[in-house]
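First the structure, in the form of structure tokens, and then the observations on it.
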Amino acid sequence: MNLLLIGMGVLVAGVLGLLLWSTGRKASERGPVRDEIENLCLAGRHVVNLPQIRRALEPGDFEYLSERSDAKMVRKIRKERRRIAMKYLEGLREDFERLVDAAQAVAALSPEVEAKEEWKRFRLSVEFRIKYRLVWAKFALGAPTFHGLEGIALMVSSLALDLERAVTNAAVTAMGPGAPRSAQG
Amino acid sequence: MAETVKVLWGLTIALELAVLLLMARKKQYRDFPAIFVYLLSNLIQVPVVYAVYFFKGFTSWPALWVGWVSQAVIVTVRWLAVCELCRNVLGQFQGIWALTWRVLAVLGSLALLVALALGRHDFVRLISTFDLGLELSMATVLVGFFLFARYYRVEVQHSLRSIGIAFCLYSIFRAFNDSVLQTFLRNYSNTWNVVDEVTYIATLTLLGSAVYVLRSADVRKVVLLPRTAYAELAPQVNERLKALNERLNRLLNSKEAGKV
């Protein structure tokens, strides 16, 4: 075996793997970009549950219960609270993914895009996914705070509002000066 | 020349003829002229090369040169077919297409340079090094194209996707086949021929079935958004994403993360 064969083997395997991934079933399962814009619903689905989550993760409640329950029950409650936090975090990620998808759909349907902005969004989305995994791991190990969750939830929600406003503005501009502007947030 | 290669050549000609006739009947040469010309040039190459092999011998220098020069023409036309496929799918999306073709051009050039650097540069192997570079570059461009389509959720018709996969797989196998040929040279040349023919027949089969189901009516016209939408949205989204990542950073670094 020489360097050429090994190098080419690695390159070919890499290209083949990427080809499989990019044309795989998951890629075709996602709806096309046109449908994304037609069915645009950006409102955060999970941010509305924030008050309930706040109540479920209230430290005072947990302290009260841990003083009055046995160790087994405390463990069970802690596990349940962690499960709620993790589920909520997962929901926020779904909201985030939908928003990024919508931003990509707008980019795809624009007559002009900025390479710098596209690269920035790609880089930031990758960064988000990595950090999300780390936060997820941290929460899984038992250290989530409600404040942390609340901050992320509100940011995802305001991103949704900004996107919706921009898309509505774009739609109004496209319809012309006589178009109703009541949809603007 | 081995009997196997002769049989494979016959099969190749039959398949090429069938796909060309199918494309002609469905008038697909209008939408995909480069793919049509590619198949046509392949069809013309076979008798020309066969004549040289017959009169000059399979292992002669003229046979080697005619084989490779005609191959250079075919690879160039296949390159055009690949570009045509990418433009056919992404071309409607003006904004991302302007970005995509530049990125794909850079990717393709990089892959070509890597292959040229890895390949051998002596007199005998120089042509196959160039062929290897072009094949790897083509495969990389096609994979890049599929990645872009996936990232921007651009719908690629099943038949067009099959054509893309067929070209990509052919390039990948050919590039690897070239690498093996560079290493073992004459000892491998017969096997190289058989492997190349078999992969080409597989490609033609996939291409033929894709052409058979391809309908131009399936392609819907894309209505683009006004320019202002992107200009207003993209910087905002990026700013929010940046803030979101900073928030995650703080959450990761905070020591007072309370217990649930």
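Those protein sequences? They're chains Z and R, same order as listed. Quick note on numbering: the working numbering labels position 110 of the first sequence as 812, and the sequence is numbered without any gaps. Quick note on numbering: the working numbering labels position 175 of the second sequence as 176, and the sequence is numbered without any gaps. Note that beta-carbon positions come from the ideal geometry of N, C-alpha and C, so glycine has one too.
DSSP-derived helix/strand/coil call for Glu814 of chain Z: Coil at Glu814 of chain Z, not helix or strand.
Positions along the region 768-780 of chain Z whose CB lies within less than 7 Å of some CB in chain R: Result list: Arg780.
Minimum C-alpha distance to Glu240 of chain R - residue among Z:Leu706, Z:Leu826, Z:Ile854: That would be Z:Leu826, whose Cα lies nearest to the Cα of Glu240 of chain R.
CB contact check: Arg883 of chain Z to chain R, cutoff 9 Å: For Arg883 of chain Z, the pLDDT reaches just 42, beneath the cut-off of 50, and the residue's location in the model is therefore unreliable, leaving the point undetermined.
Given Ala817 of chain Z as reference, the closest of R:Ala244, R:Pro236, R:Arg248 once Cα atoms are compared: Answer by Cα proximity: R:Pro236.
Within chain Z, the residues that Phe177 of chain R reaches when beta carbons sit closer than 8 Å: Chain order gives the chain Z residues near Phe177 of chain R as Met710, Gly711, Val714, where near means a beta carbon separation below 8 Å.
Cβ-heavy atom distance, Phe177 of chain R to the ligand COA, below 8 Å: Ligands displayed in this structure: none; no statement on the ligand COA is therefore possible.
Contact belief for Leu135 of chain R with Val76 of chain R at Cβ below 8 Å, rounded distance in angstroms: Sure, about 5 Å apart at Cβ, within 8 Å.
Where Arg126 of chain R falls: helix, strand or coil (DSSP): Coil at Arg126 of chain R, not helix or strand.
Gly711 of chain Z (DSSP reduced to helix, strand or coil): DSSP places Gly711 of chain Z in helix when its eight states are reduced to three.
Chain Z residues whose Cβ lies nearer than 9 Å to that of Asn250 of chain R: What Asn250 of chain R touches in chain Z: Lys833.
For Thr60 of chain R, three-class secondary structure by DSSP: DSSP, reduced to helix, strand and coil, places Thr60 of chain R outside both helices and strands of the structure shown, so it counts as coil.
Chain R contacts made by the region 813-843 of chain Z, where a contact means CB separation under 7 Å: Of all residues in the region 813-843 of chain Z, Pro813, Glu814, Val815, Glu816, Ala817, Glu819, Glu820, Lys822, Arg823, Leu826, Ser827, Glu829, Phe830, Lys833, Tyr834, Leu836, Val837, Lys840 have a Cβ within less than 7 Å of some Cβ in chain R.
Continuous alpha helix (DSSP H) assignments of at least 4 residues falling wholly in the region 172-214 of chain R: Those alpha helix (DSSP H) runs which fall completely within the region 172-214 of chain R and span 4+ residues are 187-214.
Chain R contact for Asp803 of chain Z (CB, 9 Å cutoff): Answer yes: the Cβ-Cβ gap between Asp803 of chain Z and chain R drops below 9 Å somewhere.
CB contact below 9 Å: Ala230 of chain R versus chain Z: For Ala230 of chain R, the answer is yes, since a Cβ of chain Z falls inside 9 Å of its Cβ.
Spatially closest choice to Ile164 of chain R from R:Val155, R:Leu127, R:Ala211, by CA coordinates: Considering only R:Val155, R:Leu127, R:Ala211, the residue with the shortest C-alpha distance to Ile164 of chain R is R:Ala211.
Sufficient close CB pairs (3 or more, under 8 Å) joining the region 175-182 of chain R to the region 225-233 of chain R: Taking 8 Å as the limit for Cβ pairs, the verdict is that the region 225-233 of chain R does not touch the region 175-182 of chain R.
Coarse secondary structure for Glu257 of chain R, derived from DSSP in three states: The predicted position of Glu257 of chain R is uncertain, since its pLDDT is 46 and thus under 50; a value taken from the coordinates is nonetheless stated next. It is coil, neither helix nor strand.
Residues, ordered as in the chain, of the region 187-216 of chain R that lie near chain Z by beta-carbon distance below 9 Å: Hits within the stretch: zero.
Residue-chain proximity (Tyr153 of chain R, chain Z), Cβ-Cβ < 9 Å: True, the Cβ-Cβ gap to chain Z drops below 9 Å.
Beta-carbon neighbours of Leu706 of chain Z, restricted to chain R and to distances below 8 Å: Chain R residues near Leu706 of chain Z: Leu119, Gly120, Arg121, Ser180, Gln183, Thr184.
Gly11 of chain R at chain Z interface by Cβ criterion, 9 Å: Judged by the 9 Å Cβ criterion, Gly11 of chain R is not in contact with chain Z.
Reduced DSSP secondary structure (H/G/I, E/B, other) of Tyr790 of chain Z: Here DSSP, grouped into helix, strand and coil, assigns Tyr790 of chain Z to helix.
Where Gln886 of chain Z falls: helix, strand or coil (DSSP): Because the pLDDT at Gln886 of chain Z is just 36, under 50, the model does not fix this residue reliably, and the value given afterwards should be weighed accordingly. Coil at Gln886 of chain Z, not helix or strand.
8 Å Cβ cut-off: residues of chain Z touching Gln158 of chain R: Going along chain Z, no residue has its Cβ under 8 Å from Gln158 of chain R, so there is no contact; the nearest lies around 11 Å.
Status (buried if at least 16 other CB within 10 Å, exposed otherwise) for Tyr766 of chain Z: Exposed.
Euclidean distance between Cα positions of Arg831 of chain Z and Ala140 of chain R: Using only the alpha carbons, I get a separation of about 28 Å.
Contact under 9 Å by Cβ, Leu137 of chain R with Ala99 of chain R: No Cβ-Cβ contact shorter than 9 Å links Leu137 of chain R with Ala99 of chain R.
Residue-chain proximity (Arg241 of chain R, chain Z), Cβ-Cβ < 9 Å: With 9 Å as the cut-off, Arg241 of chain R counts as an interface residue toward chain Z.
Short CB-CB distance (under 9 Å) between Cys169 of chain R and chain Z: It does; some Cβ of chain Z falls within 9 Å.
Sufficient close CB pairs (3 or more, under 8 Å) joining the region 39-47 of chain R to the region 108-121 of chain R: The region 39-47 of chain R and the region 108-121 of chain R do not touch, with fewer than 3 CB-CB distances between them shorter than 8 Å.
Backbone secondary structure at Thr5 of chain R - three-state DSSP: Helix at Thr5 of chain R.
Lys840 of chain Z in three-state terms, based on DSSP: If DSSP states are grouped into helix, strand and coil, Lys840 of chain Z belongs with the helices.
CB of Ile36 of chain R within 9 Å of CB of Leu208 of chain R, strictly: Yes, the Cβ-Cβ distance between Ile36 of chain R and Leu208 of chain R is below 9 Å.
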